[in-house]
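Sequence positions in the sequence shown follow mature numbering (1 follows the signal peptide of the UniProt record, and there is no 0) and run -22 to -1, 1 to 136.
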Amino acid sequence: MTAIRALTLAGFLVFLHLGALAQPALVGQWKSDADRTMRFNKERAQLDDKKAVFLSQLMGRMTLTFTEKAIAYDMPDLNMRLGYGQMQRLQGFKETHPYRRLGHTRNTVAVRSRAPVVGNEAITVYNFEDANTMWVYVGGADTGLPDEHLREYFVRAR
């Protein structure tokens, strides 16, 4: 093998190795994507009509902002129409919590932090479809919400 071929092969192997170690980038601002979230949940989760209506009013509002060391949750106040047509004001929240990155793969990042509102320590896995689209499971034992096998999708806002 010539020296040029050996260097080319070595460079290619380094490129493949570094690509395998690439990790999704959490840092930035992420906005909930109501359309994608509801499309997935209506197709895959077992939602009755009341839950679907409730979720469709809730999704698409939260913003997540990651820095290198903290995550900020911003959920605005909203008026929701309840099952009998009454309007109910739902109080939003703004919270910031430190997080620790536990690990990653090419398509996921796991972090340990506090769940918003309830404050329980939780591990969240952010699943990346591409550099600008990710989803998380909604609910589970650490969040204080029932586990309905739901996803919430987020798109990078900046």
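Glycine included, every Cβ here is placed at the ideal spot set by N, Cα and C. These numbers come from a predicted model, not from an experiment.
In its chain, beyond the 5 residues on either side, Q35, L36, R39, R67, L68, G70 have a beta carbon closer than 8 Å to the beta carbon of L56. Within the model, the alpha-carbon separation for M112 versus Y131 is close to 6 Å. Bridge pairing for S34: absent [DSSP].
L33 places its beta carbon 8 Å or farther from that of M58. Residue A93 holds the alpha-carbon nearest to the alpha-carbon of G117 among A93, F18, R134. Per DSSP, M40 lies in no alpha helix (DSSP H) segment and is marked neither H nor E. With 16 or more other Cβ atoms from the protein chains shown falling within 10 Å of its own Cβ, L4 counts as buried. Secondary structure of E46 (DSSP, three-state): coil. When the five nearest sequence neighbours on each side are left out, the beta carbons in the same chain lying within less than 6 Å of the beta carbon of K72 are those of D52, in order along the chain.
In this structure, DSSP gives D26 a state outside helix and strand, which the three-state scheme calls coil.
Distance from V114 to R129 at the Cβ level is roughly 7 Å; contact confirmed, criterion being Cβ atoms closer than 8 Å.
Annotated three-state conformation of D11 is coil, per DSSP. Checking the DSSP bridge columns, you'll see N57 partnered with R67.
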